[in-house]
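Residues in the first sequence are numbered consecutively from 20, following my numbering.
Even for Gly, the Cβ is constructed at its ideal location relative to N, Cα and C.
Owing to the predicted nature of the structure, the values given are computational and were not obtained by experimental measurement.
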Amino acid sequence: MNTTGTVRVRFAPSPTGALHLGGVRTALFNWLFARHYNGKFILRIEDTDQTRSTDESIKVILDGMKWLGLDWDEGPFRQTERMEIYRAHVDKLLKEGKAYHCYCTPEELDARRKEAMAAGRPPKYDRKCRTLKAPVEGRTPAVRFLSSDEGQTIVRDLIRGAVTFENQQLDDLIIQRSDGLPTYNFAVVVDDVTMNITHVIRGDDHLNNTPRQIQLYSALGYEPPKFAHLPMILGPDKTKLSKRHGATAITEYIDLGYLPEALVNYLARLGWSSGDQEIFSPKELIEKFTLENVGKAPSVFNQEKCVWLNHHYIQQADPGRLAELVLELLKKDGVVKQGAEPDLEWFKKLVKILIERSHTLVEMKTAALPFLADEIQLDEKAKAKHLTPDVALLLIELAGKLKSTEPFTHTEIEKVFNGLVAEKGIKLGKIAQPVRVALTGGTVSPGIYDVIEVMGKDKTIKRVEAAAAGIK
RNA sequence: GGUCCCAUCGUCUAGCGGCCUAGGACGCUGGCCUCUCACGCCGGAGACACGGGUUCGAUUCCCGUUGGGACCA
20 MNTTGTVRVR FAPSPTGALH LGGVRTALFN WLFARHYNGK FILRIEDTDQ TRSTDESIKV
80 ILDGMKWLGL DWDEGPFRQT ERMEIYRAHV DKLLKEGKAY HCYCTPEELD ARRKEAMAAG
140 RPPKYDRKCR TLKAPVEGRT PAVRFLSSDE GQTIVRDLIR GAVTFENQQL DDLIIQRSDG
200 LPTYNFAVVV DDVTMNITHV IRGDDHLNNT PRQIQLYSAL GYEPPKFAHL PMILGPDKTK
260 LSKRHGATAI TEYIDLGYLP EALVNYLARL GWSSGDQEIF SPKELIEKFT LENVGKAPSV
320 FNQEKCVWLN HHYIQQADPG RLAELVLELL KKDGVVKQGA EPDLEWFKKL VKILIERSHT
380 LVEMKTAALP FLADEIQLDE KAKAKHLTPD VALLLIELAG KLKSTEPFTH TEIEKVFNGL
440 VAEKGIKLGK IAQPVRVALT GGTVSPGIYD VIEVMGKDKT IKRVEAAAAG IK
């Protein structure tokens, strides 16, 4: 690939809602491409649609990118701050006769479109205003691009190869609406040109816009950038991923307890691969990422695999970091009150014993609950199965032994259990399960010695005795 | 409807004419480990959409069909 000169790519989201997975993947690929080739990654906010754009949404996008670690080198630029630039380019085209005023109202266009469809003709603009001699009184015109209707426009896409479009099929598209705002296709071209973008890497859904844009570049007298159209991310029903497929916004994944590195790794592998490798650090991704290994086929977002990666990265993560993240979740839920945080070192110990069986931070949070609460509710089924009359005495005996256990550590606690088991000639499960239920309320938890150690002597004995007392 | 794109296990993918009895990962599943659940380890089921070419030889190249998707309305 020709990479002489600095690579400049951009991510250009519309701030009309959440930052969702498709957008994130586009941003990620652009970012990886820029970093791989030591280029620049530019962030541009496409907010010309002022009725739908919000500052809140811009904040969500920027926060999401930061969370993922996708740092940008220039921007964020906002299109609303660049209106003069668009206007100047429109004027230039008008002056050179490459664009013309169109006085047709949306209603008129709509009517003619319907007429054309009814008559079996393609619903294309009929170019009525192309030959207009004088302005129409009392109307503010839109501006249309005078496109060629002969020949072909070939998009040389870095992922798809050459894609040919018949110019005849292309419309005289509006580049400036009657309210003076530039249209999407026009603003994009002007922006990419004036920002010296070298590679436009974007979703497949823009491939059909590309020939028009190429024509605009050449009308404006600019060399078009190189294009690369990424395959879409689909939902389980194989249609474009959208809200009805469940969690699609990046913020939802934060709330669900995902780690950014897991999401980055997962999204990188959607539509891109490097042999058999599944796990990539950001550094490796940057090293190995090229457009050559980007696939053409759309891919379905698979929650299970994403969770698996999240589990993997939770195992790798620093317990201190996890402790802080889980604590945040607990505060958000109101389980932990500001100023009443548990001892951080103790909490870290707790987190450590939960790591292995946690797929998300939310799971970790849930598993931490019995350790934080003063009182616990015993699961009825677990109680019925494990807290049976024959274990009442065992529990009392165990509690007694634990009272004099010093130091109160995994090793010493294990000795107590082993001693009791040998003495009574029972299986470990006979006592471990009832204790687990007594301490955590349920039948699933980390290893019982770890649970006891972290729970602490007082709480352990209190709960074991309470459980024994509750057996009828 | 028009234009464009796409097509390997359920899903993500490797494969860039012979190495393929099609490899890996998630998920599913049988077993081992075991104080529960996980983790881990060992094993299993599971795909080249179809039909024509091209070629000594097609998953791989070409054409068509089918299917799916996107865009424009």
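Item	Value
Going by alpha carbons, who is nearest to F366 out of Q335, P230, K446, V470?	V470
Could you tell me the alpha carbon to alpha carbon distance between L421 and A411, rounded to whole angstroms?	15 Å
Between the segment 472-488 and the segment 417-431, do three or more beta carbon pairs fall short of 8 Å?	yes
Provide the residue(s) that pair with G222 in DSSP beta bridges, ordered along the chain.	L249
Can you tell me which of G88, F164, K147 puts its alpha carbon nearest to the alpha carbon of D110?	F164
Return yes when the Cβ of E100 is within less than 8 Å of the Cβ of K59, no when it is not.	no
Where does Y285 sit, in a helix, a strand or coil, going by DSSP?	helix
Which ranges does the alpha helix (DSSP H) cover as unbroken runs of at least 4 residues, wholly within the segment 314-400, from first to last along the chain?	322-335, 338-351, 363-374, 380-391
Whole-angstrom Cβ separation of G83 and P301, contact assumed at under 8 Å?	Incorrect: roughly 16 Å between the Cβ atoms, too far for contact.
Mapping the DSSP letters down to three states, classify P160 as helix, strand or coil.	coil
Helix, strand or coil for G148? Go by DSSP, reduced to three states.	Note that residue 148 is Cys in the sequence shown, not Gly. In the structure shown, C148 sits in a helix (DSSP, three-state: H, G or I).
Do you know whose CA, among K351, L253, W91, Y241, lies nearest D224's CA?	L253
What's the gap between the Cα of N284 and the Cα of K404?	42 Å
Can you list, in chain order, the residues of its chain with a C-beta nearer than 7 Å to that of I273? Leave out the 5 residues immediately preceding and following it.	W86
Whole angstroms is fine: what's the gap from A418's alpha carbon to L344's?	34 Å
Find out if the Cβ-Cβ distance for the pair M214, R97 is shorter than 8 Å.	no
Going by DSSP in three states, R196 sits in which element: helix, strand or coil?	coil
Taking the straight line between their C-alpha atoms, what separation do you get for S464 and I450?	15 Å
Mind checking whether the beta-carbon of L421 lies closer than 7 Å to any heavy atom of the ligand MG?	This structure simply doesn't include the ligand MG, nor any ligand for that matter.
Would you report the Cα separation of P250 and L304, rounded to the nearest angstrom?	19 Å
For F308, name the three-state secondary structure that DSSP assigns.	coil
For the beta strand (DSSP E) containing R101, list its first residue and its last residue.	Taken as a continuous stretch (DSSP letters only), R101 belongs to no beta strand (DSSP E), as it is neither H nor E.
At the level of alpha carbons, what is the spacing between S237 and P244?	11 Å
Is the CB-CB distance between G206 and T67 below 8 Å?	Per the sequence shown, residue 206 should be read as Ala rather than Gly. In this structure, T67 lies closer than 8 Å to A206 by Cβ.
With distance defined between alpha-carbon atoms, name the residue in E306, S261, D409, Q396 nearest to R54.	E306
Tell me the rounded alpha-carbon separation between L289 and I80.	21 Å
Should L363 go down as buried or exposed, given a rule of 16 or more other Cβ atoms within 10 Å for buried?	exposed
What first and last residue would you give for the beta strand (DSSP E) that runs through A46?	Careful: A46 lies outside any beta strand (DSSP E), inside the alpha helix (DSSP H) at 40-55.
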